[in-house]
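Residue numbers (the numbering used here), protein chains in the order written: chain Y, -16 to 609; chain C, 1080 to 1190.
Take a look at the structure below.
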Amino acid sequence: MAVPFPELDGDALESNRRPESPEDHGFNEEGIPILPDIPTGAHHEASSGGLFFSPDDTESRQLPPSPPPLPENTGSSLDPPEYDLSSEEDVGPVVGIDLGTTFSCVAVWEGGRPCVIANNMGNRTTPSWASFHSDNVFVGEAARAKASRNPQCAVYDAKRVIGRKWSDTSVQESLRLWPFSLAEHRGNCAFQIGSQLYTPEEVSAYVLAKMKHAAEDYLGRKIKKAVVTVPAYFNDAQRQATLDAATIADLEVARIINEPTAAALAYGLEKTEGDDSLQTLLVYDLGGGTLDVTILVLDGGVFEVKSTSGDTNLGGQDFDNKLVEHFLPEVKAQCGVDITDNKAKAMKKLRDACQVLKHNLSHSETATIEVDALINGKDFDSSLSREKFVEITHSLLERCLKPVKQALQDARMSADEIDEAVLIGGSTRIVRVQQLLEEMFPGKKLSKKINPDEAVAMGAAIQGANLSRAYETKDPRLVGITLMDVTPLSLGIELASGKMSTIIPRNTTIPYSHTRVYKNNEDYQTKAIVEVFEGEEKYTKNNRLLGKFTLPGLPPKRRGQVQIPISFTVDANGVLEVVACVSGEEGTTKRLVIQKDKGLLTEDDIQRKAKILAKWERKCRAEKLN
Amino acid sequence: MASKEKTASLLSELGVEDLYGFLGLKPDSTEKEITRAYRKKALKYHPDKNPDDPNAAEMFQKLSKVLTVLTDPMARASYDRWLKAKQVAQRRHQELNAKRRKLKEQLEQRE
Chain Y
-16 MAVPFPELDG DALESNRRPE SPEDHGFNEE GIPILPDIPT GAHHEASSGG
34 LFFSPDDTES RQLPPSPPPL PENTGSSLDP PEYDLSSEED VGPVVGIDLG
84 TTFSCVAVWE GGRPCVIANN MGNRTTPSWA SFHSDNVFVG EAARAKASRN
134 PQCAVYDAKR VIGRKWSDTS VQESLRLWPF SLAEHRGNCA FQIGSQLYTP
184 EEVSAYVLAK MKHAAEDYLG RKIKKAVVTV PAYFNDAQRQ ATLDAATIAD
234 LEVARIINEP TAAALAYGLE KTEGDDSLQT LLVYDLGGGT LDVTILVLDG
284 GVFEVKSTSG DTNLGGQDFD NKLVEHFLPE VKAQCGVDIT DNKAKAMKKL
334 RDACQVLKHN LSHSETATIE VDALINGKDF DSSLSREKFV EITHSLLERC
384 LKPVKQALQD ARMSADEIDE AVLIGGSTRI VRVQQLLEEM FPGKKLSKKI
434 NPDEAVAMGA AIQGANLSRA YETKDPRLVG ITLMDVTPLS LGIELASGKM
484 STIIPRNTTI PYSHTRVYKN NEDYQTKAIV EVFEGEEKYT KNNRLLGKFT
534 LPGLPPKRRG QVQIPISFTV DANGVLEVVA CVSGEEGTTK RLVIQKDKGL
584 LTEDDIQRKA KILAKWERKC RAEKLN
Chain C
1080 MASKEKTASL LSELGVEDLY GFLGLKPDST EKEITRAYRK KALKYHPDKN
1130 PDDPNAAEMF QKLSKVLTVL TDPMARASYD RWLKAKQVAQ RRHQELNAKR
1180 RKLKEQLEQR E
């Protein structure tokens, strides 16, 4: 709807976006496009489908014309429940699963609160382990028990390699310390057991299936849907791989949510009731394999994520690795053998002992390590002080505050604007980590109110109930709760210059949609290649390619004469859709839609593995195994 | 020139002229009041809360965009200028109308 506008001075809504350096978008301060050098040779090929950014159109957007006016009160979610329970009965409740690096946990909304479900061993968390044998697959405690006899058959840490390339430095660095073998499989990682290869998706699927079993046993009904959590800083490939794992385990994922956000939900639920207060929380989640930091505002029942940051490669296991490395020379001196070459059993024993030592250092100044018959019947014993522990893990501790600073900067906040720092993840029990945070937030209390091992699953269960209308209409407590999450990484396309042009910056509240208009880079160019990237680097070659498509049918015109609006839409699930169109003089419009790249597994792979897993599930049920 | 068009295009795209009224606020609201009002509305229109309403996402985004304008000091200032100019224009228009009526009345009386 066109409204007449009076004269207006000033720069209007120019600053209605994050400040960006004009240079980043291929035009200089005057807003005149900087023409890249005449491309030569191979480069020419690459840039022939390129685009450049037109300053005139930085603000044009494409949204459906005149959206319908906001109704004052649709009332749809608040009216008394008018809803067919029988249909929901088929779907069953949406459980929340925290698929952790070292431990997993499942919870469900029950009796007006999230409730953690114990597994068949009576434990509220289950080791994220799977052990593959010729006749069966064991998961959880059973797998870990098998590991002491057959360490090469039992695998864990699937989360550290899921969605990652074999060439990833973090994968290569960890290889030496794992008792199992990892192999390259089509450029990705796979666990090798004998001659068999198992993908991390598959291993995670077994763990998810085990969690599903626990919930099914507890609730006495089939579970079809789950909210699954991932580290906030997981990239798209890692998220997609997690979704594939759920598909293999025959679980429909109602939503992938970020772990710190889930924890905040669990933490905040207690605070929201009738409370109109405004609170800013910083959730510090140092788990077995990842560090996540999220800043969010709790306003009434709204959980608004302001920013999120993290380190996908920092967790309790890295501390264990440092300890193992520290003790290896001592082991060699005491036992006379280097246990790193093919002594998987001894390595596992040493690692377990190091873990115990680390735990003990959380409540005492010094701790001892004792391993009976570590190798060749020889015992190993030693001790470590907290001070020495800090020294050994110095390089890791240094990385502990970096994401905190980044998250504060992204939220445009200072440390004293944080009302409370919430600690979750088992590794926040490390004394030095708590000290570092106390120094960062002087005078603020570090909240350890919620169980760091269970908070994430509980939050996932809250979101699960939130997304399932059967619960919401029944439970007034959930009606006032909404989670507003953000995009963890910036999304954009590649310009002809090889630079990244961001269309949706990181930490944008989703759902969100935005359009920028680009122009043809060359005279009479007939098609444009649109490459979609995620990441924060200036050049796309340092970011991650999500997908690409070719837009044909550009009207043959001089450089800069063809306008190509490209719109990015991220839905509440964090799924990106890209639409590009060309509108020529004759009014022709071409339209292409791409979804983000699929995961690393093909559709066939997933189906095949899902069949194997379903068979395993039936066997477990029939023979009461696992 | 471009900036004026941008204001125009943004507001027409939003389909809302009174951004404050949209959030149920007055133009002198503080930033805190604005963000809190936004959150209250966002709770109502979040797609998760309206699974059956395909327009919910669009409405939610509209809210986000209104918030971006009103929480960016520069954007808000220029919107405020726009709003003021519009009000001034409206008042002038009314005054003119009133004057014209008066003149007309006077003329009629004289006749």
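Positions of the beta carbon are idealized from the N, C-alpha and C atoms, including for glycine.
No experiment lies behind these values; they were computed from the predicted model shown.
So which residues of chain C does residue i contact, with C-beta pairs closer than 7 Å?
{"i": "Y:Gly285", "result": "Note that residue 285 of chain Y is Val in the sequence shown here, rather than Gly. Arg1118, Ala1121, Leu1122, listed in chain order."}
{"i": "Y:Asp282", "result": "Arg1115, Arg1118"}
In whole angstroms, give me the CA-to-CA distance for residue i and residue j.
{"i": "Y:Leu281", "j": "Y:Leu537", "result": "48 Å"}
{"i": "Y:Ala197", "j": "Y:Asn609", "result": "10 Å"}
{"i": "Y:Ala130", "j": "Y:Thr225", "result": "24 Å"}
{"i": "Y:Gly284", "j": "Y:Cys136", "result": "47 Å"}
{"i": "Y:Gln620", "j": "Y:Asp275", "result": "Residue 620 of chain Y lies beyond the stretch modelled for chain Y, which goes from -16 to 609, so this question has no answer here."}
{"i": "Y:Val339", "j": "Y:Leu380", "result": "19 Å"}
{"i": "Y:Ser31", "j": "Y:Ala511", "result": "Caution applies to Y:Ser31, whose pLDDT of 39 falls short of 50 and renders its modelled position unreliable; the value that the coordinates give is listed next. Those two C-alpha atoms are separated by around 8 Å."}
{"i": "Y:Ser430", "j": "Y:Arg222", "result": "29 Å"}
{"i": "Y:Ala398", "j": "Y:Pro243", "result": "18 Å"}
{"i": "Y:Ser150", "j": "Y:Glu400", "result": "41 Å"}
{"i": "Y:Glu517", "j": "Y:Ala438", "result": "29 Å"}
{"i": "Y:Arg527", "j": "C:Gln1173", "result": "58 Å"}
{"i": "C:Leu1102", "j": "C:Asn1134", "result": "18 Å"}
{"i": "Y:Glu520", "j": "Y:Leu529", "result": "15 Å"}
{"i": "C:Asp1121", "j": "C:Leu1142", "result": "Sequence inspection shows Ala at residue 1121 of chain C; the Asp mentioned does not correspond to that position. The alpha-carbon atoms of C:Ala1121 and C:Leu1142 are separated by roughly 7 Å."}
{"i": "Y:Arg460", "j": "Y:Phe86", "result": "29 Å"}
{"i": "Y:Glu370", "j": "Y:Lys331", "result": "25 Å"}
{"i": "Y:Lys602", "j": "Y:Phe121", "result": "12 Å"}
{"i": "Y:Ser187", "j": "Y:Arg204", "result": "22 Å"}
On the CB-based measure, 16 or more other CB atoms within 10 Å of its CB, does residue i come out buried or exposed?
{"i": "C:Thr1150", "result": "exposed"}
{"i": "Y:Ile413", "result": "buried"}
{"i": "Y:Tyr139", "result": "buried"}
{"i": "Y:Asp364", "result": "exposed"}
{"i": "Y:Val553", "result": "buried"}
{"i": "Y:Gln392", "result": "exposed"}
{"i": "Y:Tyr507", "result": "exposed"}
{"i": "Y:Met104", "result": "exposed"}
{"i": "Y:Leu158", "result": "exposed"}
{"i": "C:Glu1092", "result": "buried"}
{"i": "Y:Thr152", "result": "exposed"}
{"i": "Y:Arg127", "result": "buried"}
{"i": "Y:Lys428", "result": "exposed"}
{"i": "Y:Ile589", "result": "buried"}
{"i": "Y:Val561", "result": "buried"}
{"i": "C:Gln1188", "result": "exposed"}
{"i": "Y:Ser610", "result": "For chain Y, the structure presents residues -16 to 609; residue 610 of chain Y sits outside this window and is missing."}
Would you mind telling me which residues of chain Y sit closer than 7 Å to residue i, beta carbon to beta carbon, in chain order?
{"i": "C:Pro1126", "result": "Pro494, Ala555"}
{"i": "C:Gln1140", "result": "Pro494, Tyr495, Ser496"}
{"i": "C:Ser1143", "result": "Thr492, Tyr495"}
{"i": "C:Ala1177", "result": "Neighbours of C:Ala1177 on chain Y: none; closest Cβ ~19 Å, over 7 Å."}
Could you work out which residues of chain B lie near residue i, taking near to mean beta carbons separated by less than 8 Å?
{"i": "Y:Met396", "result": "The structure shown contains no chain B; its protein chains are Y and C."}
Find the residues of chain C that neighbour residue i, judging by a C-beta separation of less than 9 Å, and give them in chain order.
{"i": "Y:Leu450", "result": "Asp1127, Pro1130"}
By the criterion of Cβ-Cβ separation under 8 Å, what are the contact partners of residue i in chain C?
{"i": "Y:Thr498", "result": "The premise fails here: Y:Thr498 is roughly 10 Å from chain C at the closest Cβ pair, so nothing lies under 8 Å."}
{"i": "Y:Thr615", "result": "An answer regarding residue 615 of chain Y cannot be provided, because it is not within the stretch -16 to 609 covered by chain Y."}
Please work out which residues of its chain come closer than 8 Å, Cβ to Cβ, to residue i, disregarding the five sequence neighbours upstream and downstream, and give them in chain order.
{"i": "Y:Glu253", "result": "none"}
{"i": "Y:Ala356", "result": "Asp362"}
{"i": "Y:Val416", "result": "Leu269, Leu380, Cys383, Ser410"}
{"i": "Y:Thr585", "result": "none"}
{"i": "Y:Leu450", "result": "Val77, Val210, Ala237, Arg238"}
{"i": "Y:Asn133", "result": "Ser114, His116"}
Near residue i, what residues of its chain come up, given a Cβ to Cβ distance below 7 Å and the 5 sequence neighbours on each side ignored?
{"i": "Y:Ala329", "result": "Ile322, Leu357, Ile358"}
{"i": "Y:Glu184", "result": "Ile145, Ala224, Asp227, Ala228, Ile231, Leu584"}
{"i": "Y:Ser345", "result": "Arg412, Ile413, Val414"}
{"i": "C:Lys1181", "result": "none"}
{"i": "C:Met1138", "result": "Tyr1124"}
Starting from the C-beta of residue i, find all residues in its chain whose C-beta is less than 6 Å away, skip the five residues before and the five after it, and write them out in chain order.
{"i": "Y:Gly79", "result": "Ala90, Val210, Ala440, Ala443, Ala444, Gly447"}
{"i": "Y:Thr485", "result": "Ser473, Gly475"}
{"i": "Y:Gln300", "result": "Gly271, Gly272"}
Please tell me whether, using a cut-off of 8 Å, the distance from the CB of residue i to the nearest non-hydrogen atom of the ligand ATP is below it.
{"i": "Y:Thr323", "result": "Ligands in the displayed structure: none, and consequently the ligand ATP is not present."}
Flag this pair as touching only if the stretch 157 to 176 of chain Y and the stretch 199 to 209 of chain Y have three or more C-beta atom pairs under 8 Å; answer yes or no. no
Three or more beta-carbon pairs under 8 Å between the stretch 479 to 495 of chain Y and the stretch 532 to 552 of chain Y, yes or no? yes
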